[in-house]
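Numbered per numbering that gives the first Met the number 0, the sequence shown spans residues 0 to 115. Each residue gets a CB set at the ideal place from its N, CA and C atoms; glycine is no exception. None of the values given here were measured: they were computed from a predicted structure. Here the structure is laid out as structure tokens; the discussion comes afterwards.
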Amino acid sequence: MSNQIEEFNAYRSKMNDKLLADNNKIVKRIFNLDTNAFAAGALDVKTKELLGLVASTVLRCDDCVKYHLESSFNEGVSKEEVMETLSIATLVGGTIVIPHLRKAYEYWEELENQQG
Numbered sequence: 000m001s002n003q004i005e006e007f008n009a010y011r012s013k014m015n016d017k018l019l020a021d022n023n024k025i026v027k028r029i030f031n032l033d034t035n036a037f038a039a040g041a042l043d044v045k046t047k048e049l050l051g052l053v054a055s056t057v058l059r060c061d062d063c064v065k066y067h068l069e070s071s072f073n074e075g076v077s078k079e080e081v082m083e084t085l086s087i088a089t090l091v092g093g094t095i096v097i098p099h100l101r102k103a104y105e106y107w108e109e110l111e112n113q114q115g
């Protein structure tokens, strides 16, 4: 696994553990809501992750983009599907999204490289 992926996941896990250890009811409910929102339902997990990727890109949240890219990768999403999804996000978000598009592309390459 690349350093970028390892570092992101280690930091995310460490800080999530700290946040949840504070036992704040609101934070715990938000985390639970997020987990349940991306579970299979009328829409499958793959579709929900791609929707999350669009929203995260438009909102310019690089951590969120990484999370949804990795989740999408784990769901078997192809590079073509990711690029089509990111193209929609760039269309909706405008040119201000392009730096985040670059970072997303780089992170996807890292995910592919860890596999091969």
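Check: Is Glu79 buried or exposed, if buried means 16 or more other CB atoms sit within 10 Å of its CB?; Outcome: exposed
Check: Output needed for Leu32: all residues of its chain with C-beta closer than 8 Å, excluding positions within five of it in sequence on either side, in chain order.; Outcome: none
Check: Curious, which full-length alpha helix (DSSP H) runs of at least 4 residues does the stretch 70-94 contain?; Outcome: 78-92
Check: Can you tell me which of the three DSSP states Asn22 falls into?; Outcome: coil
Check: Among Arg101, Asn15 and Glu83, which one has its Cα closest to the Cα of Thr46?; Outcome: Glu83
Check: When you compare each of Val91, Asn8 and Glu111 to Ser55 by their alpha carbons, which one comes out closest?; Outcome: Val91
Check: Look at the Cβ atom of Asp43, then the Cβ atom of Phe7, and state whether they are nearer than 9 Å.; Outcome: no
Check: What three-state label does DSSP hand Phe30 in the structure shown?; Outcome: helix
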